[in-house]
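2 protein chains.
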Amino acid sequence: MVRAGGPQPVGRRAVSLVITGGTVVTIDPARRVLSPGALAIDGADIVGVARPEEISARFTAGQTIDASGQVVLPGLVNTHTHAAMVMFRGLADDLALMEWLERYIFPAEARTVSPEMVRVGTELALLEMIRSGTTTFADMYYFEEEVGRAAKRAGVRAVVGETIIGFPVPDAKTPAESLKRAEDLAREFARDPLIVAAVAPHAPYTLDREGLQACRSLSDRFAIPILIHVAETADEVRTMRERFGLSPVAYLASIGFLGPRIVAAHGVWVSQEDIATLGRSGVGIAHNPESNMKLASGTAPVPRYLAAGLNVGLGTDGAASNNDLDMFEAMRQAALLHKLESRDPRAIGASVALDMATIGGSRALGLDKLVGSLEPGKRADVITVSMAGPRQTPMYNAVSHLVYVSRGDDVQNTIVNGRILMRDRRVLAMDEPAVLAAARKLAEKVREAVKQ
Amino acid sequence: MVRAGGPQPVGRRAVSLVITGGTVVTIDPARRVLSPGALAIDGADIVGVARPEEISARFTAGQTIDASGQVVLPGLVNTHTHAAMVMFRGLADDLALMEWLERYIFPAEARTVSPEMVRVGTELALLEMIRSGTTTFADMYYFEEEVGRAAKRAGVRAVVGETIIGFPVPDAKTPAESLKRAEDLAREFARDPLIVAAVAPHAPYTLDREGLQACRSLSDRFAIPILIHVAETADEVRTMRERFGLSPVAYLASIGFLGPRIVAAHGVWVSQEDIATLGRSGVGIAHNPESNMKLASGTAPVPRYLAAGLNVGLGTDGAASNNDLDMFEAMRQAALLHKLESRDPRAIGASVALDMATIGGSRALGLDKLVGSLEPGKRADVITVSMAGPRQTPMYNAVSHLVYVSRGDDVQNTIVNGRILMRDRRVLAMDEPAVLAAARKLAEKVREAVKQ
Chain A
35 MVRAGGPQPV GRRAVSLVIT GGTVVTIDPA RRVLSPGALA IDGADIVGVA RPEEISARFT
95 AGQTIDASGQ VVLPGLVNTH THAAMVMFRG LADDLALMEW LERYIFPAEA RTVSPEMVRV
155 GTELALLEMI RSGTTTFADM YYFEEEVGRA AKRAGVRAVV GETIIGFPVP DAKTPAESLK
215 RAEDLAREFA RDPLIVAAVA PHAPYTLDRE GLQACRSLSD RFAIPILIHV AETADEVRTM
275 RERFGLSPVA YLASIGFLGP RIVAAHGVWV SQEDIATLGR SGVGIAHNPE SNMKLASGTA
335 PVPRYLAAGL NVGLGTDGAA SNNDLDMFEA MRQAALLHKL ESRDPRAIGA SVALDMATIG
395 GSRALGLDKL VGSLEPGKRA DVITVSMAGP RQTPMYNAVS HLVYVSRGDD VQNTIVNGRI
455 LMRDRRVLAM DEPAVLAAAR KLAEKVREAV KQ
Chain B
35 MVRAGGPQPV GRRAVSLVIT GGTVVTIDPA RRVLSPGALA IDGADIVGVA RPEEISARFT
95 AGQTIDASGQ VVLPGLVNTH THAAMVMFRG LADDLALMEW LERYIFPAEA RTVSPEMVRV
155 GTELALLEMI RSGTTTFADM YYFEEEVGRA AKRAGVRAVV GETIIGFPVP DAKTPAESLK
215 RAEDLAREFA RDPLIVAAVA PHAPYTLDRE GLQACRSLSD RFAIPILIHV AETADEVRTM
275 RERFGLSPVA YLASIGFLGP RIVAAHGVWV SQEDIATLGR SGVGIAHNPE SNMKLASGTA
335 PVPRYLAAGL NVGLGTDGAA SNNDLDMFEA MRQAALLHKL ESRDPRAIGA SVALDMATIG
395 GSRALGLDKL VGSLEPGKRA DVITVSMAGP RQTPMYNAVS HLVYVSRGDD VQNTIVNGRI
455 LMRDRRVLAM DEPAVLAAAR KLAEKVREAV KQ
């Protein structure tokens, strides 16, 4: 419910938006939960987080969102995805990895990936993200400028990583061409309030030493993040050991590649020594529990990463291996998976899972000064989640419910950088029917591409 | 969209309800998927499953549901839950099993379980089940007559198992008293079109040999199912080996307990010999992937159960260890978990997961003559699931989407025994606000009960 503000009393600061009446899960350093709580937002910034009576005493609101029966929390941070791959969701499942890749994903990509496909696919993904409470995502794909532009238009925060890989791809014939694209990307989005350019070497086993080091140089030169897949499968570790006698992590360390701007996706197959190396280098981890399960990759040692002090975020991976972009499912899966793996129900609790999906992810991406918690001075990336239905009744603990019973569709309002992208489940920031129609039309091409 | 039927053309059979325009996933022996398809329902029965033009040529409908953009499938069968425990959802999580039970669940049960609590809790659970497409559930709890009556009032199909356990419980001081209650239950629901009474010995380690055999006798005498927890944890196996020198399954076999009316929940810790024993005895398995993960119990060898020809259904377990009753999540989790466990993405595919949630569950419960697939002659337990949103776009394969991207909230219409319980997400069969209010009031008592 949004209502226009009344006349403005003297002595109170006029702000653009107040969210009040809900339970506010701040993820601030004290992990305060205000029930009820309220949030004052002015322009792009959070300016107050307190009890409703304190907020109404200090601020008058241009707009008010009544969050009664809802939980208000930081927008979720998806640290690893390939947004445009929503176009391949459910195209093929339940296959051995190589058959899946070679019979479906590679042909579909070779025949359909174009600037238009990336734009349409990313817009479809953005709709899904806005609808499920993701306010920041880190992306690796091709024609990544289209991803950045689509995210900017929709108002969603993004780290957009142009893929660099050792063979011809839809947007470049060589790694050098891709690097040039990444550099253009860095220039296009320099100082953008929402979009951060990144360079995304695919993986240590798909790009040679020179390519990896060139990525690192580019990252240093423009002070931009590096997104990379590391140690996703046992096969990758075998390959690297055969080629270099080193684990993927040890190899990357040996060529001077690692550092605090690196976000390593997966990190499933690592030794305790690898974990120590990653920790010393300040590498962030993007943990993708559902994708790792669906592709039968294995279980990343997340409790050990956390014990070693690494910044761990959660990711959905691309929808082709998930098959959606719902970060609530990523939280729930992380909490459940590590209990099972360790045979200890205390392994990853709800609050740790929620931390990873918010502040942990923002730290891994180097965005924690801006987002990941509800604190005055941070950008207003905020979501509200309904707790009013039978599935959420009763509610003894908001954090437990966010992780164990909420899902993306429970999100009612999505706000990024102070802009309301979805209000009461209506997406304001995009033309939803047009995006769906374009995606369905494009899907015909995808279907054709894998027919042969 | 529901519209009244027009004038009735000559030569066509007048039926109560036609569902048309959607993709019909039949789960019939040929696993036909009709896209588009239609379903004719008369009274409680399915009378036609065919192409829309064939259905409209053969039948005139009292009511029509337009399922365009939706998938029509058999209602889901939850083979293991404790419905009233929704009152304890999120009361405590992420604790070692004994602390969770002894500090929270047992005190909450001792101080709050009453006929009223079971009624209110079950009604809350029924709302959630109707809203998430569960049309049959197998329940084990106390005051089970309240569960049966609530399910009957709401119009949901249920197997209601009165718990028999070797210590005093809220509804009985002794197993003998509980057995008497189970016998009363069997008489109350004899020949009921929706409710099947059952006897539910808690587990082989919590009830002595005489108690277990008395349950088996009662089951034989009334031809009713037995619901029992078997081999859920490694501790249980250790306990049974210490006491009897046998695994839980071998022990149950040794006392003549096993047979085709038994539904064994969990079955996590079993040997290949145990699996063979269960198979020879015709025991059905209720697999609860989320609960087994959340409580860190372990992974049931579902691919081996299926290879041995057992009837395997899926269950949510109680909401205290899940924390919801969404069978779509149970399907997805089953598909993901066994891929990971076996390191083979082909282990449990989407179609196998969907089979378990429908026909597999109905076979395990002995209800497959009535429900579990959309075939003429079976009861009309049917759900329709939206595929129209961004998350389900594009749709290349309906079965993949049902398992990998659908969730309970996508269910639009829920029909049991030909009665529409939810239409376009509005629950017709229950007074939702009244149920929620009663549950919230009762939750105060639960909160008090665990305060000490």
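Residue numbers (my numbering), protein chains in the order written: chain A, 35 to 486; chain B, 35 to 486.
Each residue gets a CB set at the ideal place from its N, CA and C atoms; glycine is no exception.
Would residue i pass as an interface residue toward chain A - the criterion being a Cβ-Cβ separation below 8 Å?
i        : result
B/Asp127 : yes
B/Asn447 : no
B/Thr273 : no
B/Glu222 : no
B/Ala130 : yes
B/Pro202 : no
B/Glu162 : yes
For residue i, name the three-state secondary structure that DSSP assigns.
i        : result
A/His372 : helix
B/Ala299 : strand
B/Thr273 : helix
A/Leu139 : Looking at the sequence provided, one finds Ile at residue 139 of chain A rather than Leu. A/Ile139 falls in the helix class under three-state DSSP.
B/Val230 : strand
B/Asn326 : helix
A/Met464 : coil
B/Ser166 : coil
A/Arg225 : coil
A/Phe34  : With chain A running from 35 to 486 in the structure shown, residue 34 of chain A is simply not present.
A/Phe201 : coil
B/Pro282 : helix
A/Arg187 : helix
B/Arg47  : strand
A/Asp254 : helix
B/Val36  : Caution applies to B/Val36, whose pLDDT of 48 falls short of 50 and renders its modelled position unreliable; the value that the coordinates give is listed next. B/Val36 falls in the strand class under three-state DSSP.
B/Val28  : Within the shown structure, residues of chain B are numbered from 35 to 486, placing residue 28 of chain B beyond reach of any answer.
A/Glu179 : helix
Report yes or no: is there a C-beta of chain B within less than 8 Å of the C-beta of residue i?
i        : result
A/Tyr430 : yes
A/Gly124 : yes
A/Asn322 : no
A/Lys373 : yes
A/Glu482 : no
A/Gly103 : no
A/Tyr438 : yes
A/Thr427 : yes
A/Leu470 : yes
Check whether the Cβ atoms of residue i and residue j lie closer than 8 Å to each other.
i        : j        : result
A/Asp79  : A/Ala414 : yes
A/Val152 : A/Phe122 : no
A/Asp205 : A/Arg221 : no
B/Ala353 : B/Ala320 : no
B/Arg165 : B/Met456 : yes
A/Asn451 : A/Gly189 : yes
B/Ala101 : B/Thr170 : no
B/Gly411 : B/Arg397 : no
B/Leu470 : A/Pro424 : yes
A/Leu312 : A/Leu344 : yes
B/Ile289 : B/His236 : no
A/Ala130 : B/Arg338 : no
B/Val233 : B/Leu246 : no
B/Val81  : B/Leu68  : no
A/Leu329 : A/Ser305 : no
A/Val437 : A/Ala384 : yes
B/Ala231 : B/Gly293 : no
A/Ile89  : A/Ala72  : yes
A/Trp303 : A/Ala342 : no
A/Ala159 : A/Ala117 : yes
B/Ile296 : B/Ile258 : no
Could you check if residue i belongs to the surroundings of the ligand SAH, using beta carbon to heavy atom distance under 7 Å?
i        : result
A/Arg225 : This structure does not include the ligand SAH; it has no bound ligands of any sort.
Exercise. Can you list, in chain order, the stretches of the beta strand (DSSP E) that have 3 or more residues and sit fully within the region 374-460 of chain B?
Worked result: Entirely contained in the region 374-460 of chain B, the beta strand (DSSP E) runs reaching 3 residues are, in chain order, 416-420, 445-450, 453-457.
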